[in-house]
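Residue numbers for the sequence shown follow the working numbering, beginning at 3 and rising by one.
Note sheet for the following structure.
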Amino acid sequence: MTSRTNPQAPTRVRYVVLSLTVGAYFITYLDRTLLSAAAPSIQKEFGFSLQTLGWVLASYQFAYALFQIPGGWLGDRFGPRFALTGVVIWWSAFTAFTTLTWSVVSLAVVLFLFGMGEAGAFPIATRSLSRWILPAERGFAQGVTHAGSRFGGAITPVIATFLIARYGWRLPFLVFAIPGLIWAAIWFWYYRDTPADHTGVNEKERTLIESALGQPQGSRQIPWGLILGSRRTWILSAMYFCYGVIVIIFITWFPKYLSAARGLNLQQMGVYASLPLAAAVVGDICGGWFSDLLLKRTGRITFARRTVAATGFFIAGLTIPVAVLVSDPIISIMFFSLSLFAIELTVGNSWAVTLDIGGSYAGSLSAVMSMFGNIGGGVYAVLMGYIVTAFGWEMAFFGLASFAILGGILFCCIDISRPLHAPKTQT
């Protein structure tokens with residue numbers, strides 16, 4: 003890992019770290035989107051109802067929500083190198099074990115354990131960037147990592163439906179487990195918890211990072227009282243609850259909607275389900291990039307994060323009803339794609355806020371935020387089956403639009419001008 007770059011210029015190890023983190027996000031969505039792509043085939047084989055499908059999908063989602071805080075704690079307590087390696091191996095194993103399920107109960111149990119492992123991915127990955135990425139690069143960094151995840155989600159339906167049509171739904175779960183195991187080995191070999199521990203970082207890059215971020219704190223005691231006692235933590239979490247409701251439905255229920263409400267076959271469903279997630283990739287990158295650009299030009303971090311994120315929420319709130327009401331499936335997909343592009347303008351900013359105000363405890367703070375986002379997604383994933391059965395698909399998507407508007411309002415209430423551990427000052 004010794005650097006061979008020009009000794010007069012800073013090395014760029016932090017960008018390699020960022021690239022590896024993007025890879026981790028990509029793999030998480032390969033695995034979790036596979037479940038939704040396979041859901042119609044699994045439902046047909048096991049013979050369960052639409053409501054039961056909601057509970058099966060939620061078994062993963064609730065585990066993912068409940069283990070966010072333990073996952074973030076692992077990253078803060080033991081360091082991202084060991085913690086992220088461990089959780090990726092765990093969820094990759096249970097991705098493979100999905101092939102062994104034989105009933106609704108066995109499937110729900112495996113998916114719950116699968117969700118436990120993936121729960122730690124985003125909080126620990128956020129912690130892994132907290133000692134490497136400069137403040138002015140955080141919006142883009144969080145945007146591009148989440149773009150990696152959505153890109154994984156975008157290509158999964160196409161690949162998965164191809165494999166399912168030819169080999170059944172079980173084989174893809176075995177195939178998709180392999181990338182995580184390979185990634186875990188590379189991460190453990192290359193990554194170090196601080197730049198000072200990495201032999202590939204030269205003095206100029208180390209100085210650049212440490213002058214912007216300061217020296218790492220020696221204590222690994224997590225200040226839960228400070229985190230949970232902050233009003234900003236709860237506003238951030240409520241906002242992300244709204245985001246979670248929206249994005250999880252696109253990940254879990256959207257292929258079923260295309261099949262049941264729009265009448266698409268398996269191959270068509272795979273293509274059309276991928277388009278909103280492809281638009282989300284662009285939204286992730288644009289949201290983080292534009293937020294960092296506003297920050298550099300104005301120096302106003304709260305203004306920069308709020309402007310981009312709130313705009314995304316409000317656009318999604320306006321376009322989701324249009325998407326579900328139009329009769330032409332192509333136009334519908336176009337508006338759904340615009341909706342997901344808009345909602346993903348918010349996500350890089352949301353996770354950048356946990357770095358902006360959480361500092362060395364970004365893993366734990368982001369875990370609290372993400373837990374509430376996934377509780378929102380899990381609850382609505384269950385309710386979706388009941389709402390659709392009782393009132394139809396339109397009413398279920400109108401609910402998503404309402405959460406988008408509320409999320410935009412909440413983001414406008416978050417103060418990002420000072421870290422959680424700093425005393426309040428006049429701004």
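For every residue, glycine included, the Cβ atom is placed at its ideal position computed from N, Cα and C.
Proximity to residue i [Cα-Cα], best of the options
i: V111; options: S130, W57, I211 and V146; result: W57
i: A198; options: F315, I407 and L210; result: L210
i: A39; options: M397, F116, L238 and W171; result: W171
i: L37; options: L357, F338 and T163; result: T163
i: F124; options: F315, I345 and I29; result: I29
i: S94; options: G73, F116 and A127; result: F116
i: Y382; options: L55, Q10 and L20; result: L55
i: V324; options: W395, L266 and N267; result: W395
i: I359; options: F99, I345, R299 and R233; result: R233
i: L357; options: P331, K46 and A138; result: A138
Nearest-angstrom beta carbon gap, residue j and residue i [assumed within contact, 8 Å]
i: Y274; j: S372; result: At roughly 28 Å, the Cβ-Cβ gap does not stay under 8 Å, so Y274 and S372 are not in contact.
i: G378; j: A312; result: With 8 Å as the limit, G378 and A312 do not qualify as a contact, their Cβ atoms being about 18 Å apart.
i: L277; j: S339; result: 5 Å
i: I248; j: A318; result: 7 Å
i: G387; j: L52; result: 5 Å
i: G25; j: G365; result: Contact doesn't hold; Cβ gap of about 19 Å is too wide.
Collapsed DSSP secondary structure at residue i in the structure displayed
i: I287; result: helix
i: D330; result: coil
i: P12; result: coil
i: V58; result: helix
i: C244; result: helix
i: N351; result: helix
i: S51; result: coil
i: G231; result: coil
i: Q428; result: Only weak support exists for where Q428 lies, its pLDDT of 36 falling under 50; the value from the coordinates is given anyway. Coil.
i: I135; result: coil
i: I416; result: coil
i: S105; result: coil
i: V203; result: coil
i: R79; result: helix
i: W185; result: helix
i: S221; result: Any reading at S221 needs caution, since the residue's pLDDT is 49, under 50, leaving its predicted position unreliable; the model's value is listed next. Coil at S221, not helix or strand.
i: D195; result: coil
i: F305; result: helix
i: N267; result: coil
Backbone CA spacing between residue i and residue j [nearest angstrom]
i: R308; j: I251; result: 24 Å
i: G1; j: I237; result: The shown model of the chain, from 3 to 429, leaves out residue 1, and the question about it has no answer.
i: T147; j: A167; result: 31 Å
i: I188; j: M397; result: 46 Å
i: L422; j: F190; result: 31 Å
i: L165; j: T35; result: 14 Å
i: I91; j: L320; result: 40 Å
i: L109; j: T100; result: 7 Å
i: S341; j: A282; result: 9 Å
i: G361; j: R133; result: 9 Å
i: T158; j: Q10; result: 43 Å
i: G145; j: Y17; result: 14 Å
Cβ-Cβ distance between residue i and residue j below 8 Å
i: G155; j: I253; result: yes
i: F399; j: I322; result: yes
i: L86; j: P181; result: no
i: L412; j: I229; result: no
i: A41; j: L59; result: yes
i: G401; j: T348; result: no
i: K298; j: P12; result: no
i: F175; j: A67; result: no
i: L136; j: A214; result: yes
i: C244; j: A406; result: yes
i: V89; j: G122; result: yes
i: L20; j: L173; result: no
i: G452; j: F96; result: Since the first residue of the chain shown is 3 and the last is 429, residue 452 is not available in this structure.
i: G202; j: R129; result: no
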